[in-house]
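Visitor: Before I ask anything, let me first share the structure, which is written out below as structure tokens.
Right, here's the structure in full:
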């Protein structure tokens with residue numbers, strides 16, 4: 001069974017619908033026991049880092065996620081689920097899960113686009129990902145594929161080894177990361193049309209190994 | 001680079017498209033779910049559903065439509081029309097929409113924007129604005145006035161000031177409709193779009209007046225819009241989303257071309 005972790009952050013039904021569309025069964029749950037029993041886990045999220053971390057602690061889901069990654073169980077983070085896997089977020093100066101070394105920073109609105117106009121924050125809309133390394137979860141994707149982003153903060157992994165894909169928005173940031181059995185994307189794979197469904201579909205058959 | 005978005009807009013009444021949409025070969029499509037799939041396959045970047053259902057008894061029909069659309073297409077879509085309070089917003093979001101658009105309700109009760117943004121996040125709340133060009137006055141210094149009820153009721157509210165206020169209250173996006181340009185097919189209101197888009201930091205979707213791909217190119221460059229709403233130019237088969245995108249790409253505009 002695939003568990004979609006419910007820590008009261010945003011609308012999880014979009015992820016559920018996309019997974020069902022791909023023919024897999026899944027369950028939205030806030031029960032750490034159920035996360036422990038799941039074969040694979042999607043860790044989505046829309047919302048603020050501090051409130052998200054507080055809910056994860058309160059529900060005991062932070063430890064369950066740590067156990068899953070430790071055991072090599074496939075885990076996919078999406079959006080805020082791609083941020084709070086790092087050690088620290090600038091959003092509310094929040095200590096996070098620390099599953100991948102690095103931090104999360106806010107887009108500085110003084111950054112400029114390629115046309116030298118100030119960037120708008122949040123970064124909202126379709127943007128490209130330049131794929132830096134091959135990985136089973138991201139196979140079959142091209143650099144011209146675009147994904148739907150909505151976020152004001154972005155991950156900064158400490159080790160370039162963990163950066164799988166990058167995106168340009170005033171600067172170059174890590175939009176897809178992976179370490180061990182944990183893969184995560186800053187964009188909404190469940191709302192990124194065919195290219196997003198390719199990622200979810202790859203994840204559904206991933207054994208959690210990096211090659 | 002962030003792409004400009006092309007957003008077809010579908011008007012729904014009691015669960016059906018208000019006009020059967022005719023494509024080349026005269027196929028008449030009245031089902032919003034089929035239309036959503038059609039535009040998804042054509043490469044639309046996002047969709048807008050505007051619910052013009054008059055009676056609240058039929059609201060749950062719209063929610064069923066939203067649920068079916070959400071299980072069929074995997075791109076963002078928003079729902080507007082008749083959203084009056086937090087409960088309406090919650091119902092639409094839970095049914096699977098990404099965003100809710102508030103228009104008249106926000107003019108009457110601006111707090112609905114901040115309540116929605118606090119409860120669901122700024123990215124969920126789109127401020128819809130219907131705007132009419134008027135003589136510059138002390139109340140309307142920009143020369144653009146906000147109107148509600150489909151343009152029939154002027155509100156004594158300056159469009160520029162209202163856009164800035166909407167951003168402050170927490171709207172994540174503005175959908176800017178020019179009543180003067182709407183239905184003309186002679187192009188978007190560039191002056192208005194540029195004025196608002198440069199004054200706010202949130203994305204602005206231009207609406208009203210699209211008749212040819214060149215109009216989208218103009219509003220996305222000179223008009224500084226981040227996205228463009230289209231309706232009749234694709235609903236009746238005159239153009240496809242792909243033709244519009246090919247034109248925009250040819251004009252050097254960043255666009256999502258592979259789907």
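Residue numbers (UniProt numbering), protein chains in the order written: chain A, 1 to 211; chain B, 1 to 259. Here a beta-carbon is modelled for each residue, glycine too, at the ideal position from N, C-alpha and C. Predicted model only: the values in this text are computed from it and were never measured.
Ends of the alpha helix (DSSP H) at residue 118/B?
Guide: 111-120
Visitor: Determine whether the beta carbon atoms of residue 243/B and residue 203/B lie at a separation below 9 Å.
Guide: no
Visitor: Residue 120/A: which of 39/A, 94/A, 92/A and 153/A sits nearest, CA to CA?
Guide: 153/A
Visitor: Are the C-beta atoms of residue 145/A and some chain B residue less than 9 Å apart?
Guide: At a cut-off of 9 Å, the C-beta of residue 145/A has a neighbouring C-beta in chain B.
Visitor: Among the candidates 31/A, 30/A and 16/A, whose CA atom is the shortest distance from the CA of residue 24/A?
Guide: 16/A
Visitor: Helix, strand or coil for residue 155/A per DSSP?
Guide: strand
Visitor: Please say whether residue 177/B and residue 148/B have beta carbons closer to each other than 9 Å?
Guide: Result no, Cβ atoms of residue 148/B and residue 177/B do not sit closer than 9 Å.
Visitor: The alpha helix (DSSP H) spanning residue 52/A covers which residue range?
Guide: From DSSP, the alpha helix (DSSP H) with residue 52/A extends over 49-59.
Visitor: Of the residues 239/B, 12/B and 143/B, which one's Cα is nearest the Cα of residue 131/B?
Guide: 143/B
Visitor: Name the chain A residues that come within less than 7 Å of residue 93/B, Cβ to Cβ?
Guide: 11
Visitor: If I'm right that residue 39/B touches residue 8/B with Cβ under 8 Å, what's the distance once you round it to whole angstroms?
Guide: 5 Å
Visitor: So what does DSSP say about residue 178/A, is it helix, strand or coil?
Guide: strand
Visitor: Hey, quick one: how far does the beta strand (DSSP E) through residue 202/A stretch, first residue to last?
Guide: For residue 202/A, there is no enclosing beta strand (DSSP E); the residue is part of the alpha helix (DSSP H) that begins and ends at 193-204.
Visitor: Return helix, strand or coil for residue 135/B, following the three-state DSSP convention.
Guide: Correct three-state label for residue 135/B: coil.
Visitor: Can a CB atom of chain A be found closer than 9 Å to the CB of residue 246/B?
Guide: Judged by the 9 Å Cβ criterion, residue 246/B is not in contact with chain A.
Visitor: Which ranges would you report for the beta strand (DSSP E) in the region 191-232 of chain B if only whole runs of at least 3 residues count?
Guide: 204-207 and 227-230
Visitor: Can you check whether the CB of residue 102/A is closer than 9 Å to the CB of residue 155/A?
Guide: yes
Visitor: Would a C-beta distance cut-off of 9 Å place residue 146/A and residue 79/A closer than the cut-off?
Guide: no
Visitor: Quick one: which residues of the region 127-156 of chain A get their C-beta closer than 9 Å to a C-beta of chain B? List them in chain order.
Guide: Only 127, 128, 142, 144, 145, 146, 148, 149, 150, 151 and 152 from the region 127-156 of chain A bring a Cβ to less than 9 Å from some Cβ of chain B.
Visitor: Chain B partners of residue 1/A, CB-CB under 8 Å?
Guide: Simply none; closest approach about 20 Å.
Visitor: Are the CB atoms of residue 7/A and residue 76/A nearer to each other than 9 Å?
Guide: No; because the gap between Cβ atoms is not below 9 Å, this pair is not in contact.
Visitor: Suppose the cutoff is 8 Å on Cβ atoms and the five residues either side in sequence are ignored; what does the same chain contact list for residue 44/B look like?
Guide: 6, 7, 8, 75 and 241
Visitor: Can you tell me which of the three DSSP states residue 135/A falls into?
Guide: coil
Visitor: Is residue 54/A close to chain B, meaning its C-beta is less than 9 Å from at least one C-beta of that chain?
Guide: For residue 54/A, the answer is no, since every Cβ of chain B falls outside 9 Å of its Cβ.
Visitor: Since residue 75/A is in the beta strand (DSSP E), which residue starts that stretch and which ends it?
Guide: 75-78
Visitor: Using the beta-carbon of each residue, which ones in chain B are nearer than 8 Å to residue 121/A?
Guide: 201
Visitor: In terms of residues, what are the limits of the beta strand (DSSP E) holding residue 190/A?
Guide: Careful: residue 190/A lies outside any beta strand (DSSP E) and carries neither H nor E.
Visitor: If you follow the beta strand (DSSP E) that residue 162/B is part of, which residue opens it and which one closes it?
Guide: It is not in any beta strand (DSSP E) - residue 162/B instead sits in the alpha helix (DSSP H) that spans 159-169.
Visitor: Give a yes or no on whether 9 Å exceeds the smallest Cβ distance from residue 21/A to chain B.
Guide: yes
Visitor: For residue 18/A, decide whether its Cβ has a neighbour in chain B, counting only Cβ atoms nearer than 9 Å.
Guide: Using a Cβ-Cβ cut-off of 9 Å, residue 18/A counts as an interface residue toward chain B, since at least one Cβ of chain B sits closer than that to its own.
Visitor: Just the C-alpha distance for residue 110/B and residue 169/B, rounded to the nearest angstrom, thanks.
Guide: 8 Å
Visitor: Would you verify that the beta carbon of residue 258/B is, or is not, closer than 9 Å to some beta carbon of chain A?
Guide: Taking Cβ atoms only, chain A reaches closer than 9 Å to residue 258/B, which makes this a yes.
Visitor: Just the chain A side, please: which residues come within less than 8 Å of residue 123/B by C-beta, in chain order?
Guide: Near residue 123/B (Cβ distances below 8 Å), the residues of chain A are 46, 122, 124 and 150.
Visitor: Just checking my contact of residue 100/B with residue 78/B at CB under 8 Å: how many whole Å lie between their CB atoms?
Guide: 6 Å
Visitor: May I have the straight-line CA-CA distance separating residue 161/B from residue 162/A, to the nearest angstrom?
Guide: 45 Å
Visitor: Please report the distance separating the alpha-carbon of residue 233/B from that of residue 189/A.
Guide: 30 Å
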